[in-house]
Amino acid sequence: MDFVSKSTEGPVVTLTLNRGKVNAINEALAEELRKSLEDILSDSGIKSVILKGQGSFFSFGLDIPEFLNYSKQDFNRFVGKFADLYTYIFTYPKPVIAALNGHTVAGGFMLATACDYRVMVADKARMSLNEITFGSSLFPGSAEMLRYLVGDRMAEIIALTGDMYSAEQAKEIGLVDLVSSEESLTQDCMTVAVGFVSRFGPAYQSIKNLLRSDTAAIMRDKDKRYRAEMIDIWYSEDTWARLKMIKIRN
Amino acid sequence: MDFVSKSTEGPVVTLTLNRGKVNAINEALAEELRKSLEDILSDSGIKSVILKGQGSFFSFGLDIPEFLNYSKQDFNRFVGKFADLYTYIFTYPKPVIAALNGHTVAGGFMLATACDYRVMVADKARMSLNEITFGSSLFPGSAEMLRYLVGDRMAEIIALTGDMYSAEQAKEIGLVDLVSSEESLTQDCMTVAVGFVSRFGPAYQSIKNLLRSDTAAIMRDKDKRYRAEMIDIWYSEDTWARLKMIKIRN
Amino acid sequence: MDFVSKSTEGPVVTLTLNRGKVNAINEALAEELRKSLEDILSDSGIKSVILKGQGSFFSFGLDIPEFLNYSKQDFNRFVGKFADLYTYIFTYPKPVIAALNGHTVAGGFMLATACDYRVMVADKARMSLNEITFGSSLFPGSAEMLRYLVGDRMAEIIALTGDMYSAEQAKEIGLVDLVSSEESLTQDCMTVAVGFVSRFGPAYQSIKNLLRSDTAAIMRDKDKRYRAEMIDIWYSEDTWARLKMIKIRN
Chain A
2 MDFVSKSTEG PVVTLTLNRG KVNAINEALA EELRKSLEDI LSDSGIKSVI LKGQGSFFSF
62 GLDIPEFLNY SKQDFNRFVG KFADLYTYIF TYPKPVIAAL NGHTVAGGFM LATACDYRVM
122 VADKARMSLN EITFGSSLFP GSAEMLRYLV GDRMAEIIAL TGDMYSAEQA KEIGLVDLVS
182 SEESLTQDCM TVAVGFVSRF GPAYQSIKNL LRSDTAAIMR DKDKRYRAEM IDIWYSEDTW
242 ARLKMIKIRN
Chain B
2 MDFVSKSTEG PVVTLTLNRG KVNAINEALA EELRKSLEDI LSDSGIKSVI LKGQGSFFSF
62 GLDIPEFLNY SKQDFNRFVG KFADLYTYIF TYPKPVIAAL NGHTVAGGFM LATACDYRVM
122 VADKARMSLN EITFGSSLFP GSAEMLRYLV GDRMAEIIAL TGDMYSAEQA KEIGLVDLVS
182 SEESLTQDCM TVAVGFVSRF GPAYQSIKNL LRSDTAAIMR DKDKRYRAEM IDIWYSEDTW
242 ARLKMIKIRN
Chain C
2 MDFVSKSTEG PVVTLTLNRG KVNAINEALA EELRKSLEDI LSDSGIKSVI LKGQGSFFSF
62 GLDIPEFLNY SKQDFNRFVG KFADLYTYIF TYPKPVIAAL NGHTVAGGFM LATACDYRVM
122 VADKARMSLN EITFGSSLFP GSAEMLRYLV GDRMAEIIAL TGDMYSAEQA KEIGLVDLVS
182 SEESLTQDCM TVAVGFVSRF GPAYQSIKNL LRSDTAAIMR DKDKRYRAEM IDIWYSEDTW
242 ARLKMIKIRN
């Protein structure tokens, strides 16, 4: 694994995104994260997962400069793969806690909203589903996860403004569950994870499935039906010009 | 146009309901509003719409005394037309901001909840979906817009009590987005509209459609399936007697 | 009636659960409550129902020790009967107010969330849907009522933690509508009931149906589709061992 590192402490495993300064998501990172989660699923000793970013970002989202080199066909394949990934996390049978150690934007925001619980550091970190600010539509399923988390209207406000939210603001509108600090994040996430471990079992899996399976079905359906529209907008002249101006620090 | 006036300032158009003291909605007003919005849709220079009322009301709702002269068949036609209108606004490809300059009741409430954003003046103005207080059921689709805006349970409280909400209360429960004053309303709405203009484009339309199309489909379905029930209750002896007591100031 | 007593005051009837110290729900109590509600439905003089518990509990939930004597087939029959009961209350044509006079847990929580309105005493009483704490999944329909009441994400938090909520906390997250006290509960519920009486009629029934029928349809569907899974978990070795440790004070 080049871009996802793993460390285990008792029944809790921590996966750390590790790619450049901002943990920009490319196809390899998405594949590694999927593979890591599949491995953990078959490890009966693991009962809770923490997902965090190395450095000062959780993830700033897709590595747009890299994707601008993709053909439309290749980008279409990636979009399907990334949608599969967040839906996989959204319905993952073991609890996943997002440790939002820094900015959590676009694709990073999608990974975070797929988890069971979000702990975010106060101060500089911001959450944003900011696609509209560079003229992109949304990954269709990401809109459904957002509705699930904060309700229809708040999802609309977040998605149609692309606003940035501090940890306190994110907590107030339901995007995160707990505000922490740089110093306490690891410990706070471990405490949350241990709580999940204590309740984990067939009942947990059954209830999570009862509550999330309808949304997951809509996600799968919309990620198919609206993908072409989202990709057409991505490749439209105006949006493409704005995407080319985006720099990623690696 | 007799009952809807129009003024344009750059990419923002303001439509003003203009009928009597309370902007009571009759069939002609509904048709004019629809026609105005259709015209604006095909005007590529317009990127945001503000909808307000003249005088001290946004709209007090349907012109009930006028509709009591309608045959059941004619009223049925109007109900379908008004349901089409609010669904048209709910899914309108350009952003519509409701400038709630005064009381916003029943049919006026429905127009307001169909918009993308609501700014309401503080002090005397009230919002209310008060059909139950005169023994009428709801326009079926209006119940769905309300759920979209404030969630299932709050929608139920609003609809089953018919309570009146001040601007501050309406903001707290999610009915409005911004509280303004008589003096600042025009400027505040223009600021909001300019923000929408800056984000307007194919991504805006795609995201709005992603988020609202499911509810719109349910609205269309329920407005068909439940219309006869709503109209039967409207024409029932008890409700009819209460409707006849309603006066509209013209 | 052994376990449900009834008293009438004008158009308001009060049904009181009356079984042991904690109003533990067994099959007879569920049947009596259903029968009482059916009788009230056909009594045109009654326009509002208050449902409360005698003593210091609303209801602590199912009488688990009694159900452990049931065969799997008999328990399956009861689960279907109880799911029918809460769905019947959720869609009951007359308003039902839950007077939460004490702890309101598991099956008691389900009855409460099925009602139109909840008044809860402050201080010692707690609300909890705590199945996960003894390794049981949920009655599938109860998850849907909870989503209706508090939204998807809050429902998930409540159901996946099994946390206990005081009246104030329950009010804040939308589980209850009004916080009262031991001294004022009866009067407060009567005031709420009289308000419902004043609005009761065909419009009330039509609006309640408009708003609740979709959720009720999902409840009926899921209570069928997921019942076997819930019962298999109930009879699994680990959960059974935990159920055997539960004592009910009678």
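Protein chains in written order, with this note's numbering: chain A, 2 to 251; chain B, 2 to 251; chain C, 2 to 251. Heads up, the beta-carbon is just placed ideally off N, CA and C, and yes, glycines get one too.
7 Å Cβ shell around S167/A - same chain, five flanking residues per side excluded: R127
L69/A classed as buried or exposed, judged by whether at least 16 other C-beta atoms fall within 10 angstroms: exposed
C-beta atoms of V97/C and D117/C nearer than 9 Å: yes
Closer than 9 Å at the beta carbon, the chain B residues around E132/A: A204, I208
Rounded Cβ spacing between S57/C and L18/C (contact assumed at less than 8 Å): Not quite, the Cβ-Cβ distance comes to about 12 Å (not below 8 Å), so this is no contact.
Start and end residues, beta strand (DSSP E) containing I219/C: It is not in any beta strand (DSSP E) - I219/C instead sits in the alpha helix (DSSP H) that spans 203-226.
Burial state of A156/A, where buried means 16 or more other Cβ atoms lie within 10 Å: buried
Proximal chain B residues relative to E183/A, where beta-carbon distance stays under 8 Å: Within 8 Å Cβ-Cβ: nothing; E183/A doesn't reach chain B, min ~33 Å.
Alpha carbon of T240/B to alpha carbon of F135/B, nearest angstrom: 7 Å
Buried or exposed (CB count within 10 angstroms, at least 16 for buried), N131/B: buried
Environment of E169/B [buried if 16+ CB atoms lie within 10 Å]: exposed
6 Å CB neighbourhood of F201/A in its chain, flanking five on each side removed: K48
Which listed residue (T15/B, A171/B, F79/B) has its alpha carbon closest to that of S191/B: Before going on, a small fix: residue 191/B reads as Met here, not Ser. Ranking T15/B, A171/B, F79/B by Cα distance to M191/B puts T15/B first.
Contact set for R221/B: own chain, Cβ-Cβ below 7 Å, skip 5 residues either direction: T88
Of the listed residues K22/A, S37/A, V23/A, P94/A, nearest to S214/A (C-alpha basis): P94/A
Classification of R119/B by the beta-carbon crowding that lies within 10 angstroms, buried from 16 upward: buried
F174/A to L179/C span [Cα, whole Å]: Checking the displayed sequence, the identity of residue 174/A turns out to be Ile instead of Phe. Approximately 23 Å between the Cα atoms of the pair.
Beta carbon proximity, T240/B to chain A, threshold 9 Å: no
Cβ pair K7/C, N251/C closer than 9 Å: no
Contact with chain C by E173/B, beta-carbon distance below 9 Å: no
Three-state secondary structure assigned by DSSP to S43/A: coil
Against chain B: residues of the region 52-78 of chain A by CB proximity under 9 Å: none
D222/C at chain B interface by Cβ criterion, 9 Å: no
Range covered by the beta strand (DSSP E) that runs through L112/A: That residue, L112/A, is in no beta strand (DSSP E); its alpha helix (DSSP H) goes 108-115.
Contact test: A229/C Cβ vs the ligand GTP heavy atom, cutoff 8 Å: Among the components modelled here there is no ligand, and therefore nothing to report on the ligand GTP.
D75/C to E67/C span [Cα, whole Å]: 12 Å
Alpha helix (DSSP H) runs contained entirely in the region 89-156 of chain A, provided each spans 4 or more residues: 108-115, 141-151
As assigned by DSSP and simplified to three states, the class of L63/B: strand
Alpha helix (DSSP H) segment containing E169/B, residue limits: 168-173
Min CB distance Y149/B to chain A below 9 Å: yes
Interface residues of the region 153-172 of chain B facing chain C [CB-CB below 9 Å]: D153, R154, M155, A156, E157, I158, A160, L161, T162, G163
Inter-residue spacing [alpha-carbon to alpha-carbon] between S237/C and N77/C: 14 Å
Beta-carbon proximity of S37/A to V5/A, cut-off 9 Å: yes
Residue interval of the beta strand (DSSP E) (run including S185/A): It is not in any beta strand (DSSP E) - S185/A carries neither H nor E in the DSSP assignment.
Cut-off 8 Å between Cβ atoms - residues of its own chain near G152/A, not counting five sequence neighbours on either side: G175
Euclidean distance between Cα positions of A100/C and T187/C: 8 Å
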